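*Asks:*
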Amino acid sequence: MSLAEQLDSVDAGTAGTVDRHSTTETFESTAPATGAVVGVFPVHDAAAVAETVARARTAAEQWAALGWDGRKQRLAAYRGYLARRMHELSDLVHRENGKPHADAILEIALTVDHLAWAAGHARKALGPRKVPSGMLAANHAAYLEYQPLGVIGVIGPWNYPVFTPMGSIAYALAAGNAVVFKPSEHTPAVGAWLAAAWRAAVPDVPDAFQVVTGFGSTGAALCRVPVDKLAFTGSAATGKKVMATCAETLTPVLMELGGKDAMIVDDDADVAAAADAAVWGAMSNGGQTCIGIERIYATEAVYDRFVAEVTAQVSSLRPGSDGEATYGPMTMASQIDVVRRHVADAAAAGARVVTGGTDADAFPAEGYVAPTVLLDVPDDSSAITEETFGPTLTITRVRDAEEGLQRANATSYGLAGAIFSGSKDKAMDLARRMRSGMTSINSVLTFASVPALPFGGVGDSGFGRIHGEDGLKEFTRAKAITRQRYALPVNLMSFGRPEKAADALARVMGMVHGSKR
Ligand code: NDP
């Protein structure tokens, strides 16, 4: 029986580690497209979470003891397991999250690539190395290494239920930690599948990656256990609660939060390509993408052509759950109210609604939102200031790219963004000055598919990084060691040092560093 089939027949707990606890309360995960039950999962209480983390502590020691090669080999087995079952997992993602199969496949493919990179680069990024010991400690050897923290708690959202949590899980495991993952209450089956796959692929250290399920209180219990670090991905509002809970136990946190990403379309941009990227960046996954494009600033020179291109392109999009649909239903029904409010606010403030809107056509069936394009929305409107997280985009006319950058940066968020420009130097300059953790030039979202690049935000979009060397180091502590190679006749860090030693040191420092330049 495949894992997906097992999940079909799931009761309180054939998935993940859930069957090992005595928790009796359960909850259902339902398909957003049909309302059908995808699985039934336990609500893990604080005792069950503590039990899971205790098992993870033992596993963390076994996992760390395997060394770089042992872990790399097992991470390869896990990656291979996922790669061979991409269709099975994408079917589950399609059912539980609602996104089209092809999008789920893309998400899993990116995850597999990140797993390969993290496992392949962990030793080089984190392993022991000698560093220069400097003038004052020339008789010592200096060593640096990055040691695992122990057990990492991961709390994830539902919008990319494989890719997003695995950005923390894969890098934490590759760095030598064990992981306990609490998936969103909207996608517990995907989380449980990922952990069950781990146990199948890595049977000798099955508890290095476990799942607990439930609601916010289960996540809060994971913060309080405590774990050695809590990697949170979700909204800024919940992120603040998680930080406050983690503060009780001084548990360090990684915060991957929401965004209000902007695209700037400059005078010499390829307008058709920019429109294609904008529509994908804003509407794919039903707009439920943390790094989705929500605001576009197009210069006067290209504005009319750009609006025409976007309007033409969105006319061929169709939300649905069939094989031909371009994007699926809203995974979380309550998000529709947010979209409706933002569109209504914008329209009331004088914005032009090109497609979508607030009437029945804009919501073609329960759970679905039509592609929505709003023009010249006032800067203080909620559609500009708050994360919408729906298949919407605003297009605003600006004098030039410089004004576009100023307005793009005028947000409390700072996750990512995009620049479309025909000039490499100008685009690079704008990208550097964009207040965001990531920017792609002449494409959207590309940075997420480059495993060597760090991923994370500034401001209300959070702090800390997943992916790349920074993402590996995020789950470690730097360890510094010195070893005296030979004793010097004069030891400055001894009460036995000669009286004149400090004066001699001051003279030497003056000669080496004191020259006026
Ligand atoms: P939420 O903030 O609502 O929830 C995120 C996770 O936190 C869920 O697992 C949730 O559990 C859990 N949670 C809720 N309350 C608490 C609590 N008090 N203590 C501990 N955990 C808690 O986000 P969504 O799931 O709605 O995801 C969408 C958000 O995630 C958007 O803002 C999006 O931009 C952001 N995001 C950011 C990404 C990034 O990398 N920067 C990537 C993807 C999404 P439960 O669901 O059971 O309530």
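Per the numbering used here, the sequence shown starts with residue 40, numbered consecutively.
We treat Cβ as the ideally placed atom computed from N, Cα and C, and that holds for glycine.
Computed from a prediction, not measured in an experiment: that's the story for all the values here.
1. In whole angstroms, what is the alpha-carbon distance linking S360 and G389?
2. Using a Cβ-Cβ distance cut-off of 7 Å, determine whether D315 contacts chain C.
3. Could you name each continuous alpha helix (DSSP H) segment of 4 residues or more that falls completely within the segment 133-182, going from the start of the chain to the end?
4. So, helix, strand or coil for D306, using DSSP?
5. Does DSSP classify A449 as helix, strand or coil?
6. What is the DSSP secondary structure of M322, reduced to helix, strand or coil?
7. Just confirm the distance between the C-beta atoms of L529 and R522, as a whole number of angstroms; I'd bet it's less than 8 Å.
8. In or out: T288 buried (at least 16 other Cβ within 10 Å) or exposed?
9. DSSP three-state call for I330: helix, strand or coil?
10. Taking 8 Å as the threshold, find out whether the segment 303-315 comes into contact with the segment 425-432 through three or more Cβ pairs.
11. Comparing the CB of W197 with every heavy atom of the ligand NDP, is any distance shorter than 6 Å?
12. Would you say K279 and E426 are within 7 Å of each other, going by their C-beta atoms?
13. Counting pairs of Cβ atoms below 8 Å between the segment 237-256 and the segment 84-99, do you hit three or more?
14. Cβ of S223 within 6 Å of any heavy atom in the ligand NDP?
15. Could you tell me the alpha carbon to alpha carbon distance between E538 and A545, rounded to whole angstroms?
16. Where does T56 sit, in a helix, a strand or coil, going by DSSP?
17. Which of the three DSSP states, helix, strand or coil, is assigned to S479?
18. Per DSSP, G192 is paired with what?
19. Which of the three DSSP states, helix, strand or coil, is assigned to E90?
20. If you measure from the CB of C329, is any heavy atom of the ligand NDP nearer than 6 Å?
21. Apply the 10 Å Cβ neighbour rule to G78 and answer buried if 16 or more other Cβ atoms are within range, or exposed otherwise.
22. Answer with buried or exposed for H126, where buried requires no fewer than 16 other C-beta atoms within 10 angstroms of its C-beta.
23. Rounded to whole angstroms, what is the Cα-Cα separation between A28 and V241?
24. Taking DSSP as the reference, what is the three-state secondary structure of E442?
25. Helix, strand or coil: which one does DSSP assign to F486?
26. Rounded to a whole number of angstroms, what is the C-alpha to C-alpha distance between A385 and P417?
27. Touch check for the segment 178-187 and the segment 503-519: three-plus C-beta pairs under 8 Å?
28. How about the segment 260-271 and the segment 480-489: do they share at least three Cβ pairs that are nearer than 8 Å?
29. Count the other CB atoms within 10 Å of the CB of T73; is the residue buried (16 or more) or exposed (fewer)?
30. Grab the span of the beta strand (DSSP E) containing A517 for me, first residue to last.
31. To the nearest angstrom, how far is it from the Cα of R334 to the Cα of S482?
32. Where do the N-terminal and C-terminal ends of the beta strand (DSSP E) with P81 fall, by residue?
33. Just tell me which of A141, P222, Y120, R118 has its CA closest to the CA of S129.
34. Using beta-carbon positions only, say whether A217 and A247 come within less than 7 Å of one another.
35. Tell me the DSSP secondary structure of S68 in three-state form.
36. Can you tell me which of the three DSSP states M550 falls into?
*Replies:* The relevant details are as follows:
1. In the sequence shown, the residue the question calls residue 360 occupies position 321. In the sequence shown, the residue the question calls residue 389 occupies position 350. Rounded to whole angstroms, S360 to G389 spans 33 Å at the Cα level.
2. Considering every chain present, this structure includes no chain C. It has just one protein chain.
3. Look at the segment 133-182 and you find these whole runs of alpha helix (DSSP H), each 4 residues long or longer: 140-165.
4. The residue given as residue 306 occupies position 267 in the sequence shown. If DSSP states are grouped into helix, strand and coil, D306 belongs with coil.
5. Residue 449 sits at position 410 when you count from the first residue of the sequence shown. Taken through DSSP and simplified to helix, strand or coil, A449 comes out as coil.
6. Residue mapping note: residue 322 aligns to position 283 of the sequence shown, counting from 1. Looking at M322 - three-state DSSP - the assignment turns out to be helix.
7. Locating residue 529 in the sequence shown gives position 490, counting from the first residue. Locating residue 522 in the sequence shown gives position 483, counting from the first residue. In the sequence under discussion, the amino acid at residue 529 is Val, which differs from the Leu named in the question. Wrong, their Cβ atoms sit about 19 Å apart, outside the cutoff.
8. As a working mapping, residue 288 is identified with position 249 in the sequence shown. With a threshold of 16 other beta carbon atoms within 10 Å, T288 falls short and is exposed.
9. Against the sequence shown, residue 330 aligns to sequence position 291. I330 falls in the coil class under three-state DSSP.
10. With a cut-off of 8 Å, the segment 425-432 and the segment 303-315 do not count as touching, because too few Cβ pairs lie within range.
11. Indexing the sequence shown from 1 puts residue 197 at position 158. Yes, the ligand NDP has a heavy atom inside 6 Å of this Cβ.
12. If you number the sequence shown from 1, residue 279 lands on position 240. If you number the sequence shown from 1, residue 426 lands on position 387. The answer is no: Cβ separation not under 7 Å.
13. The segment 237-256, when compared against the segment 84-99, does touch it at the 8 Å Cβ threshold.
14. Position 184 of the sequence shown, counting from 1, holds the residue named residue 223. Flag set: Cβ of S223 near the ligand NDP.
15. Along the sequence shown, read from residue 1 onward, the residue named residue 538 stands at position 499. Along the sequence shown, read from residue 1 onward, the residue named residue 545 stands at position 506. A direct Cα-Cα distance of roughly 13 Å separates E538 from A545.
16. In the sequence shown, counting from the first residue as 1, residue 56 sits at position 17. Because the pLDDT of T56 is 45, which lies under 50, any placement of that residue in the model is unreliable, and the number read from its coordinates should be weighed accordingly. Of the three classes helix, strand and coil, the one that applies to T56 here is coil, per DSSP.
17. Position 440 of the sequence shown, counting from 1, holds the residue named residue 479. Correct three-state label for S479: strand.
18. The residue given as residue 192 occupies position 153 in the sequence shown. Beta-bridge pairing links G192 to V219, L269.
19. Numbered from 1 along the sequence shown, position 51 holds the residue referred to as residue 90. Correct three-state label for E90: helix.
20. On the sequence shown, position 290 is the one that residue 329 refers to. Indeed, a heavy atom of the ligand NDP lies less than 6 Å from the Cβ.
21. Position 39 of the sequence shown, counted from the start, is the residue given in the question as residue 78. Result: buried.
22. As a working note, residue 126 is residue 87 in the sequence shown. Using a 10 angstroms sphere on the CB of H126, the tally of other CB atoms stays under 16, which defines it as exposed.
23. Residue coverage of the chain in this structure runs from 40 to 556, which leaves residue 28 outside it and unanswerable.
24. Against the sequence shown, residue 442 aligns to sequence position 403. In the three-state reduction of the DSSP assignment, E442 falls in the helix class, which pools H, G and I.
25. Within the sequence shown, the letter at position 447 stands for residue 486. Reduced to three states, the DSSP call for F486 is helix.
26. Against the sequence shown, residue 385 aligns to sequence position 346. Against the sequence shown, residue 417 aligns to sequence position 378. C-alpha separation (whole angstroms): 7 Å.
27. Proximity of the segment 178-187 to the segment 503-519 meets the contact definition, three or more beta-carbon pairs being nearer than 8 Å.
28. Taking a cut-off of 8 Å for Cβ pairs, the segment 260-271 and the segment 480-489 do not touch, as fewer than three such pairs fall below it.
29. As a first step, residue 73 must be located in the sequence shown, where it is residue number 34. Note on T73: under 16 other CB atoms within 10 angstroms of its CB, so exposed under the neighbour-count rule.
30. Taking the first residue of the sequence shown as position 1, residue 517 is located at position 478. Start and end: 515-523.
31. Position 295 of the sequence shown, counted from the first residue, corresponds to residue 334. Position 443 of the sequence shown, counted from the first residue, corresponds to residue 482. Cα to Cα, R334 sits roughly 15 Å from S482.
32. Along the sequence shown, one-based indexing puts residue 81 at 42. Under the DSSP assignment, P81 falls in the beta strand (DSSP E) whose first and last residues are 76-81.
33. In the sequence shown, the residue the question calls residue 129 occupies position 90. In terms of Cα proximity to S129, the closest of A141, P222, Y120, R118 is A141.
34. Within the sequence shown, residue 217 is the residue found at index 178, counting from 1. Within the sequence shown, residue 247 is the residue found at index 208, counting from 1. Contact: yes.
35. The residue given as residue 68 occupies position 29 in the sequence shown. Under the three-state reduction of DSSP, S68 is assigned to strand.
36. Sequence index remark: in the sequence shown, residue 550 carries index 511 (1-based). In the three-state scheme derived from DSSP, where H, G and I count as helix and E and B as strand, M550 is classed as helix.
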